[in-house]
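In this note's numbering, the protein residues as written are 91 to 476.
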């Protein structure tokens with residue numbers, strides 16, 4: 091039986107690694123190309139590929155787990171190995187134990203990767219893009235004499251770029267505000283702020299043209315150009331181990347805000363300024379209070395989400411292995427799709443429903459395990475049929 095256990099374990103592992111490698115190759119272009127569509131050069135987008143890997147693996151591990159188990163056990167059934175086991179008096183469920191042990195290990199790895207992808211990976215990706223953005227702008231201005239934001243929100247034209255990065259005769263124009271600013275020279279400075287990155291364009295000897303007329307600006311005139319269009323991404327969360335620290339910091343910020351509101355209200359009443367306590371003013375403050383609550387709900391959801399997403403690998407295998415043994419047809423690929431389609435129609439909608447509900451505070455964070463719970467019951471039903 092030990093030989094057969096090793097056989098099942100390593101064959102499933104082989105299928106799993108093969109599927110994982112293929113999934114990574116297929117999924118990688120779909121994560122790189124959106125960056126290039128936002129105006130990020132391909133060479134710069136490729137630099138963030140190592141930081142995309144945890145995110146890619148977190149997505150592909152559950153599917154690879156399901157595919158590996160359905161393919162291996164479908165092959166065993168087609169080769170009559172299940173019948174041979176029964177003839178030797180070995181219950182077929184015993185061959186599932188090494189597979190489930192393997193998938194528990196994969197699940198713990200997936201938990202770590204999910205945590206890594208929402209904290210470290212996103213931080214490093216944004217830093218890499220920001221650090222390479224200044225050289226990208228200068229390179230584009232040297233070649234094309236023009237740099238524009240997505241949808242041409244603003245455009246910078248130059249006649250030349252010096253070796254030290256100084257822009258010669260730059261013209262900055264903004265279509266939305268019908269504004270055009272020309273200068274003798276300018277320097278670009280990208281501020282590497284992960285929350286609100288901007289391009290600081292420092293103009294010298296500047297004139298501005300606007301619908302109201304022409305104006306001469308101070309000798310040195312800074313223009314800040316937001317570059318969020320290039321770096322729109324999911325929120326960067328703290329690591330799961332630091333969630334309590336983040337919640338404590340948010341509570342302190344919220345308490346400080348409440349104290350400021352109380353002080354403003356007392357001062358307004360003492361000064362007789364009733365407008366400061368009007369409904370419109372407090373509506374703005376209520377909106378900020380809701381922002382605190384959404385952040386708090388998001389932080390409380392992080393740990394359950396990471397663990398539920400990670401252990402979906404185990405539950406996919408929990409369903410896939412007995413499903414493949416019970417599947418009436420001997421073909422391997424149809425067995426995978428016959429199992430995956432119900433998961434696609436049931437598990438993922440439940441996961442998204444619980445995720446959005448927990449973000450809004452409508453359901454408790456533990457509800458994120460609802461999809462795994464359904465797979466657990468389905469797996470038990472499949473096991474009872476063996």
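We put the CB at the ideal spot given by N, CA and C, even for glycine.
Here residue 236 is exposed: its Cβ has fewer than 16 other Cβ atoms, across all protein chains shown, within 10 Å.
For the pair residue 408 and residue 193, the CB atoms are nearer than the 9 angstroms cut-off. Annotation for residue 342: no beta strand (DSSP E) segment contains it, though the alpha helix (DSSP H) segment containing it runs 333 to 361. Shown here, residue 436 sits in a helix according to DSSP, grouped into three states. Boundaries of the alpha helix (DSSP H) harbouring residue 187: 187 to 206, taken from the DSSP string. If you compare the alpha carbons of 214, 212, 213 and 261 with that of residue 231, the shortest gap goes to 261. A buried status is given to residue 222, since no fewer than 16 other beta-carbon atoms sit within 10 Å of its beta-carbon.
Counting along the chain, residue 209 sits inside no beta strand (DSSP E), nor does DSSP assign it H or E at all.
Within a 10 Å sphere around the beta-carbon of residue 346 sit fewer than 16 other beta-carbons, which makes this residue exposed.
Per DSSP, the continuous alpha helix (DSSP H) segment holding residue 99 begins and ends at 92 to 127. Remark: fewer than three beta-carbon pairs, one from each stretch, lie closer than 8 angstroms, so the segment 421 to 434 and the segment 170 to 178 are not flagged as touching. Take the alpha-carbon of residue 229 and the one of residue 258: they are about 14 angstroms apart. Counting along the chain, residue 261 sits inside the beta strand (DSSP E) bounded by residues 261 to 264. Distance from the CA atom of residue 117 to the CA atom of residue 314, rounded to whole angstroms, is 36 angstroms.
If you draw a straight line from the Cα of residue 390 to the Cα of residue 455, it comes to about 7 angstroms. Within the same chain, and ignoring the five residues on either side of residue 406 in sequence, the residues whose Cβ sits closer than 6 angstroms to its Cβ are 152, 155 and 156.
A check of alpha carbon separations from residue 398 across 376, 140, 149 and 212 identifies 149 as the nearest.
Taken atom to atom, the span from the alpha-carbon of residue 119 to that of residue 375 is near 44 angstroms. With respect to the C-alpha of residue 312, the residue from 293, 328 and 113 having the closest C-alpha is 293. Residue 237 has 246 as its beta-bridge partners, per DSSP. With fewer than three CB-CB distances shorter than 8 angstroms, the segment 127 to 143 does not count as touching the segment 174 to 189. Comparing alpha carbon positions, the residue from 256, 448, 359 and 326 closest to residue 210 is 326. The alpha-carbon of residue 190 is positioned some 10 angstroms away from that of residue 197. Taking residue 168 as reference, the option from 350, 414, 471 and 121 with the minimal CA-CA separation is 414. Per DSSP, the beta-bridge partners of residue 279 are 290.
Residue 418 is bridged by DSSP to nothing; it lacks a bridge partner.
Apart from the 5 residues on each side of it in sequence, residue 436 sits with its Cβ closer than 8 angstroms to the Cβ of 461 and 464 in its chain, given in chain order.
By DSSP's assignment, residue 258 forms a beta bridge with 250 and 275. Cα atoms of residue 395 and residue 206: separation of roughly 13 angstroms, rounded to the nearest angstrom. If you look at residue 178, you'll find it isn't in any alpha helix (DSSP H); DSSP assigns it neither H nor E.
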